[in-house]
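First up is the structure itself, then whatever we jot down about it.
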Amino acid sequence: MSKTKHTRGPWVADSRGLIYQESNNRGIARLVSDGCGYDSALIAAAPELLEALALAEKYIRAAVSEGALQNTALPVSNIQRFIEGVITKATGGSDE
-11 MSKTKHTRGP WVADSRGLIY QESNNRGIAR LVSDGCGYDS ALIAAAPELL EALALAEKYI
49 RAAVSEGALQ NTALPVSNIQ RFIEGVITKA TGGSDE
């Protein structure tokens, strides 16, 4: 399986729906997407959403291993598998 290559965040969307990687130290911004008619704010937030999911998965894994989530009504294993699946899909199976 080939690994997904993507432009690292953070990304920003302009008023036209164009999505850019935040400018580098030389003030150059890289075009990530033209929005393609999708919600540019959601697309621009994608790197941070992925990071938040990775942190949530790490927290859940630690809490489960410490037994902190044993007596909850939440289906923790289902949530953890769902998060892991989304991260794998977003990264093409690579370790982010």
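Position one of the sequence shown corresponds to residue -11 (this note's numbering), numbered consecutively onward. Where a beta carbon is used, it is the ideal one built from N, C-alpha and C, also for glycine.
Counting of Cβ neighbours within 10 angstroms places Ala32 among the buried residues, the total reaching 16 or more.
Proximity to Val74 across Val52, Leu62, Leu43, Ser53 peaks at Leu43, based on C-alpha coordinates. Cβ contact annotation for Val64 (same chain, cutoff 7 Å, sequence separation greater than five): Ile48, Val52, Leu57, in chain order. Spanning the alpha carbons of Ala1 and Ala78 requires a straight line of approximately 20 Å. Distance from the CA atom of Gly81 to the CA atom of Glu72, rounded to whole angstroms, is 10 Å. In the three-state reduction of the DSSP assignment, Ala1 falls in the strand class.
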